[in-house]
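Undergrad: Here it is: the structure, laid out below.
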Amino acid sequence: MCGILGIYSNKPVNKKLFFGLSSLQHRGQESCGITVSKDDSLKRVKGMGMVSEVFKEDNLSCLDGNIGIGHVRYSTDGGSYDYNTQPLMGFSKGEELSLAHNGDLINHQILRTRLEEEGMMFQTSIDSEVILFLIARYYNGDIVEAIKKTMSLIKGAYSVVLLLEDKLIAFRDNYGIRPLVMGESDEGDIIFSSENAPIEIMGAKVKRDILPGEIVVVDESGINSYFYENTQKPKHCIFEYVYFSRDDATLDKVNSYNFRRRCGEILSREAPCDVDLVVAVPDSGIPSAIGYAQETNIPFAEGLVKNRYVGRTFIKPTQEEREMAVKLKLNPLRHVVEGKRIALIDDSIVRGTTSRNLIKRIREAGAKEVHLRITSPPVINQCYYGIDTPSRMNLIAANHTIEEMRELIGADSLAFISIDGMQRATLIRDDRFCKACFDGNYPVDPIRI
Ligand code: AMP
5 MCGILGIYSN KPVNKKLFFG LSSLQHRGQE SCGITVSKDD SLKRVKGMGM
55 VSEVFKEDNL SCLDGNIGIG HVRYSTDGGS YDYNTQPLMG FSKGEELSLA
105 HNGDLINHQI LRTRLEEEGM MFQTSIDSEV ILFLIARYYN GDIVEAIKKT
155 MSLIKGAYSV VLLLEDKLIA FRDNYGIRPL VMGESDEGDI IFSSENAPIE
205 IMGAKVKRDI LPGEIVVVDE SGINSYFYEN TQKPKHCIFE YVYFSRDDAT
255 LDKVNSYNFR RRCGEILSRE APCDVDLVVA VPDSGIPSAI GYAQETNIPF
305 AEGLVKNRYV GRTFIKPTQE EREMAVKLKL NPLRHVVEGK RIALIDDSIV
355 RGTTSRNLIK RIREAGAKEV HLRITSPPVI NQCYYGIDTP SRMNLIAANH
405 TIEEMRELIG ADSLAFISID GMQRATLIRD DRFCKACFDG NYPVDPIRI
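For the numbering used here, add 4 to where a residue sits in the sequence shown, where the first one is 1.
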């Protein structure tokens with residue numbers, strides 16, 4: 005999980021990168037950074053914290069180049085430390101390069117060890133540095149060849165923006181696991197972004213998705229597209245639509261809001277329940293709860309208040325702190341739930357912390373019954389491609405039956421959408437989504453590498 009952004013313009017891009025990264029903030033709140041190219045050299049500012057914490061008028065005004073990239077980070081691989089912040093920077097054959105990456109490589113440890121044995125000393129503990137190092141090693145004036153050679157070695161999920169002094173490049177792994185969208189403004193700015201929101205807020209238009217295995221180079225000669233030879237059938241991460249992306253994201257032809265709403269409709273048919281109110285766990289549960297309510301003619305009600313000022317940086321990965329985080333983030337509305345039978349709609353159950361905690365508090369607030377409906381199937385497998393899904397040991401659904409989960413969570417009933425129902429909610433017939441966290445079919449086998 006992370007957000008990346010790149011802009012090629014004939015005017016300074018610092019403010020656009022700042023606002024664009026702010027609209028990708030949901031993809032990572034731990035750290036962020038911007039690199040721009042100005043006067044044949046690259047300038048970078050990065051740090052720990054959210055976009056508005058790291059960037060102020062003075063450091064932003066120094067970044068006044070016309071081509072730039074940016075990154076917001078949510079650590080999945082490599083700890084949450086200052087030295088792991090992105091964009092990364094490096095030098096090769098007298099040129100400066102800067103790179104921002106979203107996704108996880110599954111073979112980076114092997115590559116890293118090999119490179120270390122050859123004498124390379126890494127400055128970070130993240131997989132992204134392996135990508136930058138390999139590109140720098142193979143760069144010999146032809147950046148596309150260097151990227152293709154790098155792509156032949158790295159395995160897993162990567163959407164990348166790469167900045168050279170006079171070029172902006174975007175490329176995507178050959179399954180297209182993590183998203184990458186391209187936009188263009190009326191003034192001719194070219195934008196690459198993890199989601200369409202930054203493109204739209206800049207007043208530009210989305211042109212298309214970068215295709216799996218595609219390398220797009222923007223420079224003075226225009227926009228040129230190349231392909232890595234070994235491109236596969238797409239396997240876009242379905243969890244982007246379940247939870248991760250914003251409601252307004254349309255990635256690889258699926259709109260997250262519509263997907264979530266349809267999941268609610270389908271789930272209401274697969275798992276109806278006799279209740280007075282449909283309540284969403286905000287935010288990603290809201291469209292699904294609206295879909296569930298409209299399909300069943302049961303009133304939708306706001307039964308939980310969300311505190312939007314609790315950043316993830318604040319949440320440490322211990323169970324106690326996770327429980328506290330849920331309490332801080334969501335509070336039941338007693339006046340709405342009191343005396344009512346509730347269908348509570350959430351997008352996923354990972355460890356079970358959120359639902360157990362919420363159901364207990366919704367009952368304390370006076371609800372008579374709480375029936376939990378989940379708009380994704382049980383998460384039973386770890387994600388190796390960049391979503392922060394823990395190992396099977398910590399996944400409640402990997403170790404319990406649905407009835408055992410219901411009891412542990414304390415719901416009156418519990419049901420999940422089927423894998424087939426979730427696929428139907430995409431409105432796309434062929435199976436071009438990675439659903440490994442639900443069905444264990446990993447497009448790139450993490451075990452054998
Ligand atoms: P849990 O409390 O561990 O069962 O996590 C499920 C809750 O966290 C749901 O309310 C989801 O909206 C949210 N969620 C799902 N996946 C993730 C993720 N990878 N990172 C953070 N939150 C998540």
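Where a beta carbon is used, it is the ideal one built from N, C-alpha and C, also for glycine.
1) Which residue from LEU281, ASP193, PRO291, ILE114 puts its Cα closest to that of LYS372?
2) With distances taken Cα to Cα, identify the nearest neighbour of GLU224 among ASN234, MET206, GLY192.
3) With a Cβ-Cβ cutoff of 8 Å, do ILE349 and THR379 count as a contact?
4) Quick check: what's the CA-CA separation for THR89 versus PRO381?
5) Is any heavy atom in the ligand AMP found nearer than 7 Å to the beta carbon of ILE181?
6) Roughly how many angstroms lie between the CA atoms of ASP68 and LYS211, to the nearest whole one?
7) Under the three-state reduction of DSSP, which class applies to PHE137: helix, strand or coil?
8) What span of residues does the alpha helix (DSSP H) with GLY24 cover, start to end?
9) So is PHE95 buried or exposed if we call it buried at 16+ other beta carbons inside 10 Å?
10) Straight-line CA distance for GLY82 to ILE110?
11) Using a threshold of 7 Å, is the CB atom of ARG355 nearer than that to any non-hydrogen atom of the ligand AMP?
12) So ILE181 and LYS239 are in contact, right, with Cβ under 8 Å, and what is the actual spacing, rounded?
13) What are the boundary residues of the beta strand (DSSP E) that CYS387 is part of?
14) Check each candidate in GLU368, ASN14, ILE242, ASP278 and name the one with the smallest Cα separation from ARG338.
15) Is ASP81 near the ligand AMP - that is, is its Cβ less than 7 Å away from at least one heavy atom of it?
16) May I ask whether a heavy atom of the ligand AMP can be found less than 7 Å away from the beta carbon of VAL285?
17) In the DSSP output, which residue or residues are listed as bridge partners for ALA104?
18) Go ahead and pull the three-state DSSP assignment for ALA419.
19) Out of GLY74, GLN236, TYR85, GLN427, which one is the CA nearest neighbour of GLY268?
20) In three-state terms, what does DSSP make of ARG428?
21) Report all residues from its chain with a CB closer than 7 Å to the CB of LEU332; omit the five preceding and five following residues, and keep chain order.
22) With H, G and I counted as helix, E and B as strand and the rest as coil, what does DSSP make of ILE302?
23) Applying the 10 Å Cβ sphere with the 16-neighbour rule, what's the burial state of ASP435?
TA: Let me lay it out:
1) The count along the sequence shown starts at 1 and reaches residue 372 at position 368. Comparing Cα positions, the closest option is LEU281.
2) Stepping through the sequence shown from its first residue, residue 224 is reached at position 220. Comparing Cα positions, the closest option is GLY192.
3) In the sequence shown, the residue the question calls residue 349 occupies position 345. In the sequence shown, the residue the question calls residue 379 occupies position 375. For ILE349 and THR379, yes; Cβs fall inside 8 Å.
4) As a working note, residue 89 is residue 85 in the sequence shown. As a working note, residue 381 is residue 377 in the sequence shown. C-alpha separation (whole angstroms): 33 Å.
5) Here residue 181 refers to the residue found at position 177 of the sequence shown. It does not: the Cβ of ILE181 is nowhere closer than 7 Å to a heavy atom of the ligand AMP.
6) For this step, residue 68 is matched to residue 64 along the sequence shown. For this step, residue 211 is matched to residue 207 along the sequence shown. If you take the alpha carbons of ASP68 and LYS211, they lie about 26 Å apart.
7) What you label residue 137 is simply residue 133 of the sequence shown in a count that begins at 1. The answer is helix: DSSP assigns PHE137 an H, G or I state.
8) For the purposes of this step, residue 24 is taken as residue 20 along the sequence shown, with counting starting at 1. First-last of the alpha helix (DSSP H) with GLY24: 18 to 26.
9) Start at 1 with the first residue of the sequence shown, and residue 95 comes out as number 91. So PHE95 ends up on the exposed side.
10) Here the question's residue 82 lines up with position 78 in the sequence shown. Here the question's residue 110 lines up with position 106 in the sequence shown. So the alpha carbons of these two residues sit roughly 13 Å apart.
11) Within the sequence shown, residue 355 is the residue found at index 351, counting from 1. For the ligand AMP, at least one heavy atom lies less than 7 Å from the Cβ of ARG355.
12) Residue mapping note: residue 181 aligns to position 177 of the sequence shown, counting from 1. Residue mapping note: residue 239 aligns to position 235 of the sequence shown, counting from 1. Their Cβ separation, rounded to whole angstroms, is 6 Å, which keeps ILE181 and LYS239 in contact under 8 Å.
13) The count along the sequence shown starts at 1 and reaches residue 387 at position 383. CYS387 -> no beta strand (DSSP E), and no H or E assigned at all.
14) Counting from one through the sequence shown, the residue named residue 338 turns up at place 334. Among GLU368, ASN14, ILE242, ASP278, the Cα nearest to that of ARG338 is on GLU368.
15) The residue you call residue 81 lines up with position 77 of the sequence shown. Checking every heavy atom of the ligand AMP against the Cβ of ASP81, none is found closer than 7 Å.
16) As a working note, residue 285 is residue 281 in the sequence shown. The answer is yes for VAL285.
17) Here residue 104 is taken as the residue at index 100 of the sequence shown, counted from 1. Looking at the DSSP assignment, ALA104 forms a beta bridge with VAL165.
18) In the sequence shown, counting from the first residue as 1, residue 419 sits at position 415. Note: ALA419 maps to strand in three-state DSSP.
19) On the sequence shown, residue 268 is found 264 positions in, with the first residue counted as 1. Residue GLN427 is the option with its Cα nearest to GLY268.
20) As a working note, residue 428 is residue 424 in the sequence shown. It is helical.
21) Residue 332 sits at position 328 when you count from the first residue of the sequence shown. For LEU332, where only same-chain residues beyond five positions count, the Cβ hits under 7 Å are ASN311, VAL314.
22) As a first step, residue 302 is located in the sequence shown; it is residue number 298 there, counting from the start. Three-state DSSP puts ILE302 in coil, outside helix and strand.
23) Residue 435 sits at position 431 when you count from the first residue of the sequence shown. Exposed: under 16 other Cβ atoms inside 10 Å.
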